[in-house]
Amino acid sequence: MPRRIALLGSTGSIGTQTLDVISRFPGEFSVEVLTAGNNVKLLTQQALKFNPDSVVIGNSEHYHLLKDALKSHPVKVYAGEEAIEQVVTGSNVDMVVAAMVG
C-alpha cells in the first residue's frame, strides 16, 4: 500500500522537488493533500497530475480561481491558513512534508 503524503508548500522549490521524487515511485507514494500560498496555476497543474483528495490555497482571494480550475475533477478545494491545518489533521495521511516558508 502506498504511503499517503500531505505536501505543504507544493509549488515552491522544495515542494516541486518532492513531487518529482514522488513521481519516480508511483507505487510507493500517494499524494493526498497539496497546499500552496498563491500559485494557483501550478497548484492546479499538480492537482491534475497527482489527483489528491484535497488542495488548499493559503491566499483566500484565489479560492474561486482554484475552485473553477478544478470544478470538473473530484478534488476538494479549500482556502485560508486555518484550512491548511484542518485539512491535514482531518486527512488520513502517513507523512506530512512541510516545504512552506516560515
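Letter by letter, the sequence shown follows residues 1 to 102 in this note's numbering. Beta carbons are placed, not taken as given, at the ideal position from N, Cα and C, and that holds for glycine.
Output yes or no for whether 8 Å exceeds the beta carbon distance between residue i and residue j.
{"i": "Val75", "j": "Ile5", "result": "no"}
{"i": "Gln46", "j": "Ser10", "result": "yes"}
{"i": "Ile84", "j": "Leu8", "result": "yes"}
The beta strand (DSSP E) with residue i in it runs from where to where?
{"i": "Val55", "result": "54-57"}
{"i": "Phe29", "result": "29-36"}
{"i": "Met95", "result": "95-98"}
Locate the alpha helix (DSSP H) running through residue i, then write down its first and last residues.
{"i": "Leu48", "result": "40-50"}
{"i": "Val87", "result": "81-90"}
{"i": "Ala69", "result": "63-69"}
{"i": "Val21", "result": "13-24"}
Excluding the 5 residues preceding and the 5 following residue i in the sequence, name in chain order all residues of the same chain whose CB lies nearer than 7 Å to its CB.
{"i": "Val87", "result": "Val33, Ser54, Val56, Tyr78"}
{"i": "Pro52", "result": "Val31, Glu32, Val33, Leu34, Val75"}
Considering only residues of the same chain and omitting the five flanking positions on each side of residue i, which have a CB-CB separation below 6 Å?
{"i": "Gly80", "result": "Ser60"}
{"i": "Leu65", "result": "Val40"}
{"i": "Leu42", "result": "Thr11"}
Just checking my contact of residue i with residue j at CB under 8 Å: how many whole Å lie between their CB atoms?
{"i": "Ala99", "j": "Gly15", "result": "4 Å"}
ask   = Are three or more beta carbon pairs between the segment 26-45 and the segment 84-99 nearer than 8 Å?
value = Yes, they touch.
key: Touching by the beta-carbon criterion (3+ pairs, under 8 Å), the segment 36-43 and the segment 58-75   = yes
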